[in-house]
Every structure is written in C-alpha cells, then in structure tokens.
Amino acid sequence: MASWLVRKRRSPIAWAHPRSLYWWDSNVPDFCSQEFMQNFRVSRESFEYICDRVKDIMGRRNTNFRLSVPLRKRVAIAIWKLATGSEYRTISHLFGVGRSTVYNCVREFCDAVVMVLLPVHIIMPDADKLEELATFFNNRWRAPQCVGAIDGSHIPIIAPEECVPDYYNRKGRHSIVLQAVVDGKGMFWDVCVGYPGTMHDARVLRQSHLWENLSGGELLS
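Under the UniProt record's numbering, residues 1 to 221 are what the sequence shown spells out, in order.
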C-alpha cells in the first residue's frame with residue numbers, strides 16, 4: 001500500500017488548461033545576447049544573477065495536482081511585464097500560462113526584489129562615496145558639487161478600489177509616483193515609490209527618506 005502511494009505521488013496530475021509553450025521553450029533559448037537584451041531589457045548574465053538571488057523566495061514545488069511553473073520562467077514573465085508594460089492577457093498567451101499566474105509572478109517578483117536586491121544595490125552613499133560621486137560628476141559632466149540627479153516618473157497602475165481620484169494624474173491616467181536619484185553613470189542610489197499620481201513631485205520629495213536624511217544633516221554636511 002505504501003509503495004503504491006509513493007508511485008502515485010511521483011506522477012502529478014496537470015489539470016491546467018493546455019497552452020502553447022513553444023515561444024519560451026524553443027525560441028527564447030536560441031536568442032543571441034543582443035536579442036535577449038532587446039526582449040527582456042537585461043543581459044542574460046543579469047537575468048541568471050537575478051534568478052539566483054530570488055530563488056529562495058520565488059521557488060515552487062510540484063504538487064500531486066499540478067506542475068509548478070519553473071523559476072526562470074516565473075522571473076522572465078515578471079521582467080517582461082515590467083519591461084514592456086504588456087497586458088496580462090498578452091503575456092499569458094506569449095508564455096503559455098494563465099493570467100492569474102502572470103499576476104502572481106509579477107507580485108512575487110517585486111516582493112522578492114524589495115527583500116533581497118534592494119538592500120544590496122540601492123544604497124545611500126557614505127561620505128567617501130559622496131566625494132567619489134561629486135568628483136565623477138565634475139569630471140564627466142562639468143557639474144561641480146553634484147552627487148546625484150533626481151527626477152520623478154509616473155508608473156501606470158490599475159485603478160485601486162479606494163481613493164481612486166488620488167491616483168488620477170494630470171495626464172488622465174491612474175498612476176503612482178516614482179522618485180529616483182542616479183549617479184553620474186546613471187546608476188540608482190535612492191528610490192522612493194508608491195505615492196498617488198496626483199501628488200506633486202515637490203511633495204513626494206518632502207515625504208521621502210532622502211529629504212529626511214538631507215534635513216537632518218545625515219547625508220550632506
């Protein structure tokens with residue numbers, strides 16, 4: 001009896017709707033480096049690095065009732081959505097998965113990035129780093145005493161269930177505001193995202209940790 005149960009557990013029943021997997025299974029592996037970059041907006045090396053860093057959070061196991069979507073495919077789905085802004089339905093057809101799977105991949109990937117990648121790659125510079133940034137800005141861009149370039153951008157979203165007017169920006173779309181600071185090479189060293197689309201850039205700045213650090217003299221002195 002026990003051996004029969006073991007045999008049954010080794011053969012998951014895939015009850016998902018049949019979909020075409022050709023593009024991901026056959027086309028993507030044949031992409032050259034340039035094609036991969038053009039499609040996913042990251043290099044193949046960066047993609048593999050990201051997969052390795054988020055695997056403990058995004059990894060899935062097969063069950064008796066369904067085969068899980070492999071990690072690399074889950075990451076690719078999320079990156080495609082973030083890079084292209086395509087509709088969930090379009091991505092669903094492209095990767096051969098359900099729309100709910102696309103949504104879950106994007107949500108889980110973003111959570112994983114915030115947990116494991118943000119603390120490593122988006123770091124508030126210390127005094128020595130600030131001096132290095134200022135030197136580069138001056139030498140490369142002829143901008144003395146400059147350590148970063150700051151700007152805001154609107155990230156399109158689906159209208160939330162609550163406080164809908166707050167997210168309706170001046171361009172007639174629902175969005176959240178992203179504030180970012182980059183160094184002279186275009187590398188991010190601070191981000192603040194999530195405020196509703198109607199909020200002015202100046203107010204977002206005053207509500208950010210960056211403003212708090214600047215006002216308290218913790219960043220520049």
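Idealized CB from N, CA, C, for every residue including glycine.
Excluding sequence positions up to five before and after ALA112, its CB lies within less than 7 Å of the CB of VAL54, ILE57 and MET58, all in the same chain and listed in chain order. When beta bridges are read from the DSSP output, HIS174 appears opposite TYR168. Beta-carbon to beta-carbon, TYR167 and PRO196 are separated by about 5 Å, close enough to satisfy the 8 Å threshold.
Excluding five sequence positions before and after VAL204, the CB atoms of its chain that fall closer than 7 Å to its own CB belong to GLY152, VAL177, GLN179, CYS192 and TYR195, given in chain order. Assigned with DSSP and collapsed to three states, ASP183 falls in coil, not helix or strand. Within the region 101-164, complete alpha helix (DSSP H) segments of at least 4 residues are found at 118-121 and 127-141, given in chain order. The straight-line gap separating the alpha-carbon atoms of ARG206 and VAL181 is approximately 14 Å.
Excluding five sequence positions before and after CYS146, the CB atoms of its chain that fall closer than 6 Å to its own CB belong to PHE137, given in chain order. Distance from the CA of ALA127 to the CA of LEU219, rounded to the nearest whole angstrom, comes to 8 Å. Assignment of VAL193 by DSSP, reduced to helix, strand and coil, places it in the strand class.
Per DSSP, reduced to three states, the secondary structure at PHE188 is strand. The closest CA to that of GLY96, considering only LEU82, ALA76 and VAL114, is found on ALA76. Ranked by Cα distance from VAL69, the first of ARG41, ASN104 and ALA143 is ASN104. Distance between TRP23 and MET37, taken at the CA atoms: about 16 Å.
PRO29 carries a helical assignment under DSSP once its states are collapsed to helix, strand and coil. Within a 10 Å sphere around the beta-carbon of THR135 sit fewer than 16 other beta-carbons, which makes this residue exposed. The residues PRO156, in chain order, have a CB closer than 8 Å to that of GLY85 in the same chain once the five nearest residues on each side in sequence are set aside. Contact between GLY184 and LEU130 fails: their C-beta atoms lie close to 12 Å from each other, not under 8 Å.
Secondary structure of VAL42 (DSSP, three-state): coil.
Between the alpha carbons of PRO29 and GLU162 lies a distance of about 43 Å. SER33 is positioned such that its CB atom lies closer than 8 Å to that of SER43. Listed in chain order, the non-local C-beta contacts of TRP80 below 8 Å within the same chain comprise ASN39, PHE40, SER86, ILE91, LEU94 and PHE95, local neighbours out to five positions each way being set aside.
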